[in-house]
Ligand SMILES: C[S@@+](CC[C@H](N)C(=O)[O-])C[C@H]1O[C@@H](n2cnc3c(N)ncnc32)[C@H](O)[C@@H]1O
């Protein structure tokens with residue numbers, strides 16, 4: 037966790053509120069479509085600079101934006117002025133005392149691959165109210181012929197999307213590229229088949245769906 041915290045502290049020092057278009061925020065609207073129009077209490081796990089937390093804040097009475105990195109939260113707080121319903125909290129989701137059955141939505145984007153999958157899903161399940169929704173967007177390890185085929189389609193789609201969003205893409209500085217490269221060296225992803233097996237045990241009925249641009253989405257509604 038110290039390595040992850042250091043990596044994101046370094047990245048955050050080079051980051052502002054507007055991330056520009058990227059493979060994560062490309063799917064924000066899709067995630068929002070799986071959530072009810074009004075939420076009392078929402079949690080964003082690994083909020084980073086808080087872009088998704090700010091979207092949640094438009095439909096939630098209260099949003100808790102949680103992150104391990106002090107520097108990410110410094111940026112998230114600066115970007116959340118004008119959102120009195122967002123609370124930014126520093127903490128490790130694996131050790132924090134998460135209140136039981138508190139949130140009617142828990143979201144997490146590009147974060148769970150840093151964590152032991154089964155244990156974090158158990159923790160998030162416990163913090164969700166009955167009837168609440170868990171939405172996860174994250175990366176996964178491609179496998180098999182299907183994975184190769186998906187890659188074959190994803191590359192031209194990625195290039196087309198980059199062209200369509202060219203005005204919104206923030207060009208990375210060499211320092212930003214290096215910070216992400218160093219972080220990427222320690223990242224690793226689980227195959228979808230493994231995550232599906234774990235989700236079947238922990239979140240019966242969860243839908244896990246691969247998305248084109250090297251991401252998957254998990255949606256689960258608690259009974
Ligand atoms: C790739 S960033 C994604 C940030 C944001 N969700 C987004 O989509 O832009 C992953 C974030 O997860 C945070 N993170 C990693 N492990 C965490 C943990 N155990 N508890 C809380 N946050 C964590 C990191 O500090 C980082 O800000």
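Residue numbers (this note's numbering): 37 to 259.
Just so it is clear, CB atoms sit at the ideal spot from N, CA and C, and this is done for glycine as well.
Beta bridge counterpart(s) of residue i as assigned by DSSP
{"i": "residue 252", "result": "174, 246"}
{"i": "residue 125", "result": "102"}
{"i": "residue 169", "result": "141, 257"}
{"i": "residue 77", "result": "98"}
{"i": "residue 234", "result": "Answer by DSSP bridge pairing: none, since residue 234 is not bridged."}
{"i": "residue 189", "result": "Looking at the DSSP assignment, residue 189 forms no beta bridge with any residue, so it has no partner."}
{"i": "residue 240", "result": "Residue 240 is not bridged to any residue."}
{"i": "residue 164", "result": "139"}
{"i": "residue 227", "result": "177"}
{"i": "residue 56", "result": "205"}
For residue j and residue i, the rounded distance between their alpha carbons
{"i": "residue 323", "j": "residue 118", "result": "A question about residue 323 goes unanswered here, because the residues of the chain that appear run from 37 up to 259."}
{"i": "residue 61", "j": "residue 91", "result": "11 Å"}
{"i": "residue 38", "j": "residue 84", "result": "16 Å"}
{"i": "residue 161", "j": "residue 231", "result": "15 Å"}
{"i": "residue 202", "j": "residue 213", "result": "18 Å"}
{"i": "residue 44", "j": "residue 180", "result": "32 Å"}
{"i": "residue 154", "j": "residue 79", "result": "19 Å"}
{"i": "residue 96", "j": "residue 66", "result": "17 Å"}
{"i": "residue 190", "j": "residue 158", "result": "32 Å"}
{"i": "residue 188", "j": "residue 248", "result": "10 Å"}
{"i": "residue 178", "j": "residue 126", "result": "32 Å"}
{"i": "residue 244", "j": "residue 113", "result": "32 Å"}
For residue i, the first and last residue of its enclosing beta strand (DSSP E)
{"i": "residue 47", "result": "Premise fails: residue 47 lies in the alpha helix (DSSP H), 38-49, not in any beta strand (DSSP E)."}
Test item: CB-CB of residue i and residue j under 8 Å
{"i": "residue 149", "j": "residue 128", "result": "no"}
{"i": "residue 167", "j": "residue 77", "result": "no"}
{"i": "residue 51", "j": "residue 99", "result": "no"}
{"i": "residue 141", "j": "residue 169", "result": "yes"}
{"i": "residue 55", "j": "residue 87", "result": "yes"}
{"i": "residue 108", "j": "residue 146", "result": "no"}
Residue i at chain C interface by Cβ criterion, 8 Å
{"i": "residue 162", "result": "Although the question refers to chain C, the structure presented lacks it and comprises just one protein chain."}
Endpoints, alpha helix (DSSP H) assigned at residue i
{"i": "residue 88", "result": "87-93"}
{"i": "residue 152", "result": "Run containing residue 152: none; DSSP gives neither H nor E here."}
{"i": "residue 220", "result": "210-220"}
{"i": "residue 64", "result": "64-69"}
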